[in-house]
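Those letters in the sequence shown? Residues 1410 to 2089, by our numbering. Glycine included, every Cβ here is placed at the ideal spot set by N, Cα and C. I have placed the structure first, in the form of structure tokens, so that the comments after it can refer back to it.
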Amino acid sequence: MVNQHGPPKLHKAATPGWKLDCQRGLMAFVAWWLAALLVSGLLPAMSANLPISPLWMANSLAYGTVLAIGLKPVPYFGLAALTWNLARGDTPLEILVGTAAFVLLMLFVAEFSGWLERHVERDRSRRLLRVPIIAIMSATLFTLLGVWQFSSGRPAPELIIGLWLSEATSVLLFTPLARQWLRYGVQSWAPPEGESRLWPMMLAWCSLAIAVLVSILAMESMPWVLTSWLPYLALLMPILAVYLLPVGLPRLVAPLFVLAWTVVNLNLYTDTAGVLDEIAMLQGQMILFTAALVGFLSIEAVHTYHRANRRLQQASRRDGLTGLDNDLGMTGSLAGRKVDEPLALIGIQVADIDDLATLIGLDEVHALECCIADTLRETVPTGCAASACLQPGLFALLVPFSEAPVTLARDLRHALHRAEQNGGLSLARLELRVVLVEGIESHDARHLTSILLMASARAASREGERFYHHHGEPETLIEAHRDALYLIGHLRDALAGVTHGGNFEIFAQPILDIRQPEVIRAEVLLRWRCADGRLLEAGEFLPIAERFGLMPRLDVWVLSKVLSIISTHPGGERLDEVAINLSGDSLAGADLVRSLSECLERYGCTCAIADYLGARVIAEFVETADQIGVLSQLGVYCFQGYGICRPMPLEVYLEGLQKGRNMIGKEVALAQQQCQSSGD
């Protein structure tokens, strides 16, 4: 039997945890030994003349490793120190005490770091306390041990202070270096891609550092005026590294520069007989310690600044309530994708979320949004889509076509429906709109909110289903949203009295009551006259005004305008009743009664409740006399439509009333007489 699927795939077995720990421990052992050998080789005079080894860098790297990965490498570092002391030929007591002190200090490093994490809230404070205190503890302990190992008696104070400063300097520089290396890798030292302007600065710093070290090495042959300030020029090099080089690189170059400076000083202050000038070395070591401390503080300050900026950038791309990306984060996610990658956009909108917040409270609305966000996380497979809350009540999913966005949209609708049934989304029932827009590209990144708002508006027109699948180009939705923004701007201007972009016009359409033909009634209609002369009916601009919250102002304007015209026009005296439509926003608002009362009082009108709240049915869109006859037999006696009279400007309607016309078509008047005669 032939295997049609090709040869079987070989899967590499995962390395057991204990084996991986052993490999890392062996690497820690070797790294400690290499660091110890390196410093001993660089400082041969010190290694030969003192009863202690210059293990500062090796110990500092061990502390940084413990800070980065915990206590697992401690036994291996302890074994490395033990074998080193054995190789040196120390006494058993010195071996025991030295190794135990090193292990205890590593345990202190781990415990102290954990204590800072638990009790010090600010990250900057933790970073400024952690390494300096470790440096003080390590320098003090190992200086005491070093003094104890001098069998010939107590060493000179200059040497004691020099040993303390050397240990502290090493911890300040190499402990953060090891921690950064193990946590973030070598790439943290590399300059950012595309930052070619940094290379000249890096080259200039390296050239200056080499020149300074060479000058210090040749100080004996220089005039006193030059040699007095050369060490202080070297003191500036770590600071210059912090502010001239890429953010992660000073962690590496500052320790290397100070180490090279230490080697230069040791060679400078050791005579041909191998005798070290302890006083001169102490002076040099004090400057080195100052350089290390200033460099450490400068590096931490710059790193704190950059971390704060990164946190602010991350926070600026996140919605604080739901934890999803916001519009800026979603825009960045789309802009960072491949140009030729086809994408689809799935949107969820909670309609009228501001009104919902007024009705049920902001806390309930926040709980509703969090429930939708949780539903997105549970429904959408991890990594297949970028999710965001673009604005309150508007959620978005950016889905590659390879992830079947139509199926995902269906699954999401079912999940939201289940959430409604479980009570989590009951407050948004029948007002939760889901849209799917295909063909999203990277250049649409700045228009995602506009696309979803227009698609959601079209979903609102689909009664019951509340779902809209846009098959056309997303640019059509963007253009529609842009046109809506232009129109709403002109509407606002017109309400403020600026009519260069268009203006409102009041129309009237008569209402016929065949039982009371002598009563003259009319309904007020609103139209929009564009700047180019086109006349838009209410259905073309009122939904936009309602979406942007303009209806309360518009209703007040219509009330005031209609009452003003009727109260001043002579034909208004013949008008018995006028019907003015009010929006739901105005009826739900608290200012309706006050605004209506002010308008009525201003124009001397009264408000009457017709039929004592009895219902009156008005048949609209009536066009023929036959329709009037059929509707009359069904008990409908009030009619409105093109068959009765077409809408006309309110002033034209009032002028007709002033001239004694009833403004009703002849065919309708004949049908009215027939209905009256049949009723008699």
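Whether Leu1572 touches Gly1555 by CB criterion (7 Å): Taking the first residue of the sequence shown as 1, we reach residue 1572 at position 163. Taking the first residue of the sequence shown as 1, we reach residue 1555 at position 146. Yes, the Cβ-Cβ distance between Leu1572 and Gly1555 is below 7 Å.
Integer Cβ distance of Ala1437 from Thr1474, believed to fall under 8 Å: For the purposes of this step, residue 1437 is identified with residue 28 of the sequence shown, where counting begins at 1. For the purposes of this step, residue 1474 is identified with residue 65 of the sequence shown, where counting begins at 1. Ala1437 to Thr1474, Cβ: 6 Å. Contact.
Start-to-end residues for the alpha helix (DSSP H) that takes in Phe1486: By one-based count along the sequence shown, residue 1486 stands at place 77. Where Phe1486 is concerned, the enclosing alpha helix (DSSP H) stretches over 1483-1497.
Burial state of Glu1520, where buried means 16 or more other Cβ atoms lie within 10 Å: What you label residue 1520 is simply residue 111 of the sequence shown in a count that begins at 1. When all chains shown are included, Glu1520 counts as exposed.
Supposed contact pair Leu1626 and Leu1677 - C-beta distance, whole angstroms, cut 8 Å: By 1-based counting over the sequence shown, the position of residue 1677 is 268. By 1-based counting over the sequence shown, the position of residue 1626 is 217. Cβ-Cβ separation between Leu1677 and Leu1626: approximately 6 Å, consistent with a contact (criterion under 8 Å).
When Ala1701, Ala1643, Leu1730 are compared against Pro1801, the one with the closest alpha-carbon: Counting from 1 along the sequence shown, the entry for residue 1801 is found at position 392. In terms of Cα proximity to Pro1801, the closest of Ala1701, Ala1643, Leu1730 is Leu1730.
Pair within 7 Å by beta-carbon distance, Gly1911 and Arg1938: For the purposes of this step, residue 1911 is identified with residue 502 of the sequence shown, where counting begins at 1. For the purposes of this step, residue 1938 is identified with residue 529 of the sequence shown, where counting begins at 1. Their beta carbons are under 7 Å apart, which means Gly1911 touches Arg1938 by this criterion.
Whole-angstrom distance between Arg1719 and Pro1689, CA atom to CA atom: By one-based count along the sequence shown, residue 1689 stands at place 280. By one-based count along the sequence shown, residue 1719 stands at place 310. Note on residue identity: the sequence assigns Ala, not Pro, to residue 1689. Computed Cα separation, rounded: 45 Å.
Distance CB(Gly1726)-CB(Asp1736) smaller than 7 Å: As a position in the sequence shown, residue 1726 is number 317, starting the count at 1. As a position in the sequence shown, residue 1736 is number 327, starting the count at 1. What sits at residue 1726 in the sequence shown is Arg, not Gly. Between Arg1726 and Asp1736, the gap from beta carbon to beta carbon reaches 7 Å or more.
Exposed unless 16 or more other CB atoms sit within 10 angstroms - verdict on Leu2022: Walking along the sequence shown from the start, residue 2022 turns up at place 613. Note that Leu2022 scores a pLDDT of 38, beneath 50, so its modelled location is shaky and nothing firm can be said.
Alpha-carbon spacing of Ala1620 relative to Leu1661, whole angstroms: Numbered from its first residue, the sequence shown carries residue 1620 at position 211. Numbered from its first residue, the sequence shown carries residue 1661 at position 252. Cα atoms of Ala1620 and Leu1661: separation of roughly 19 Å, rounded to the nearest angstrom.
Rounded straight-line distance, which links the Cα of Met1646 to that of Phe1698: Taking the sequence shown and counting its residues from 1, one reaches residue 1698 at position 289. Taking the sequence shown and counting its residues from 1, one reaches residue 1646 at position 237. Rounded to whole angstroms, Phe1698 to Met1646 spans 13 Å at the Cα level.
Given Tyr1652 as reference, the closest of Leu1607, Ser1637, Leu1488 once Cα atoms are compared: Taking the first residue of the sequence shown as 1, we reach residue 1652 at position 243. Nearest of Leu1607, Ser1637, Leu1488 to Tyr1652, Cα basis: Leu1607.
Three-state class that DSSP yields for Tyr1678 in the structure shown: Indexing the sequence shown from 1 puts residue 1678 at position 269. In the three-state reduction of the DSSP assignment, Tyr1678 falls in the coil class, being assigned neither a helical nor a strand state.
Residues that Ile1755 bridges to, as DSSP identifies them: The count along the sequence shown starts at 1 and reaches residue 1755 at position 346. Per the DSSP secondary-structure output, Ile1755 pairs in a beta bridge with Leu1806, Leu1845.
Burial state of Gln1694 (16 or more Cβ within 10 Å): What you label residue 1694 is simply residue 285 of the sequence shown in a count that begins at 1. Per the 10 Å Cβ criterion, buried.
Alpha carbon of Leu1443 to alpha carbon of Ala1467, nearest angstrom: Taking the sequence shown and counting its residues from 1, one reaches residue 1443 at position 34. Taking the sequence shown and counting its residues from 1, one reaches residue 1467 at position 58. One C-alpha to the other measures close to 8 Å.
Nonlocal neighbours in the same chain, by C-beta distance under 7 Å from Ala1903, ignoring five residues either side: The residue given as residue 1903 occupies position 494 in the sequence shown. Taken in chain order, the residues that qualify are Gly1911, Asn1912, Phe1913.
Straight-line Cα distance separating Arg1535 from Ile1478: Reading the sequence shown from its first residue, position 69 is the one you call residue 1478. Reading the sequence shown from its first residue, position 126 is the one you call residue 1535. The straight-line gap from Cα to Cα measures roughly 17 Å.
At least 3 beta-carbon pairs within less than 8 Å: the stretch 1703-1721 vs the stretch 1752-1760: Short answer: they don't touch.
Where His1420 falls: helix, strand or coil (DSSP): Position 11 of the sequence shown holds residue 1420. Low confidence applies here, because His1420 scores a pLDDT of 42, under 50, leaving its location unreliable; read the following figure in that light. Coil, per DSSP.
Enclosing alpha helix (DSSP H) for Asn1468 [first to last residue]: Position 59 of the sequence shown, counted from the start, is the residue given in the question as residue 1468. Residues 1465-1478.
Terminal residues of the alpha helix (DSSP H) in which Ala1544 lies: Locating residue 1544 in the sequence shown gives position 135, counting from the first residue. Where Ala1544 is concerned, the enclosing alpha helix (DSSP H) stretches over 1532-1557.
For Thr1552 and Glu1567, the rounded distance between their alpha carbons: As a first step, residue 1567 must be located in the sequence shown, where it is residue number 158. As a first step, residue 1552 must be located in the sequence shown, where it is residue number 143. Answer to the nearest angstrom: the Cα atoms are 12 Å apart.
Touching by the beta-carbon criterion (3+ pairs, under 8 Å), the stretch 1919-1929 and the stretch 1888-1895: Contact between the stretch 1919-1929 and the stretch 1888-1895 is absent, because fewer than three Cβ pairs lie under 8 Å.
Element boundaries [alpha helix (DSSP H), containing Ser1976]: By 1-based counting over the sequence shown, the position of residue 1976 is 567. Ser1976 -> alpha helix (DSSP H) spans 1960-1977.
Collapsed DSSP secondary structure at Cys1798 in the structure displayed: The residue given as residue 1798 occupies position 389 in the sequence shown. The answer is strand: DSSP assigns Cys1798 an E or B state.
Glu1526 to Leu1861 span [Cα, whole Å]: The count along the sequence shown starts at 1 and reaches residue 1526 at position 117. The count along the sequence shown starts at 1 and reaches residue 1861 at position 452. When the Cα atoms are used, Glu1526 and Leu1861 turn out to be separated by approximately 43 Å.
Pick from Gly1998, Asp1964, Trp1524, Asp1532 that is closest to Tyr1714, judged by C-alpha positions: Position 305 of the sequence shown holds residue 1714. Considering only alpha carbons, the answer is Asp1532.
Minimum C-alpha distance to Ser1742 - residue among Leu1857, Val1667, Leu1639: Indexing the sequence shown from 1 puts residue 1742 at position 333. Checked all of Leu1857, Val1667, Leu1639; the closest Cα to Ser1742 is Leu1857.
Rounded C-alpha distance that separates Ala1828 from Asp1820: As a first step, residue 1828 must be located in the sequence shown, where it is residue number 419. As a first step, residue 1820 must be located in the sequence shown, where it is residue number 411. Answer to the nearest angstrom: the Cα atoms are 12 Å apart.
Three CB pairs or more closer than 8 Å across the stretch 1991-2003 and the stretch 1959-1966: A contact exists between the stretch 1991-2003 and the stretch 1959-1966.
Residue from Gln1558, Phe1559, Thr1578 whose Cα sits closest to the Cα of Ile2090: No answer is possible for residue 2090: it lies beyond the span of the chain, which begins at 1410 and ends at 2089.
Local conformation of Asp1734 per DSSP, three classes: Within the sequence shown, numbered from 1, the residue matching residue 1734 stands at position 325. Here Asp1734 sits in strand by DSSP.
Whole-angstrom distance between Ala1490 and Thr1500, CA atom to CA atom: Numbered from its first residue, the sequence shown carries residue 1500 at position 91. Numbered from its first residue, the sequence shown carries residue 1490 at position 81. Cα to Cα, the separation comes out at about 14 Å.
Inter-residue Cα distance where the pair is Trp1510 and Leu1464: Taking the first residue of the sequence shown as position 1, residue 1510 is located at position 101. Taking the first residue of the sequence shown as position 1, residue 1464 is located at position 55. A quick correction: the sequence has Ala, not Trp, at residue 1510. Annotation: Ala1510 to Leu1464 spans about 13 Å, alpha carbon to alpha carbon.
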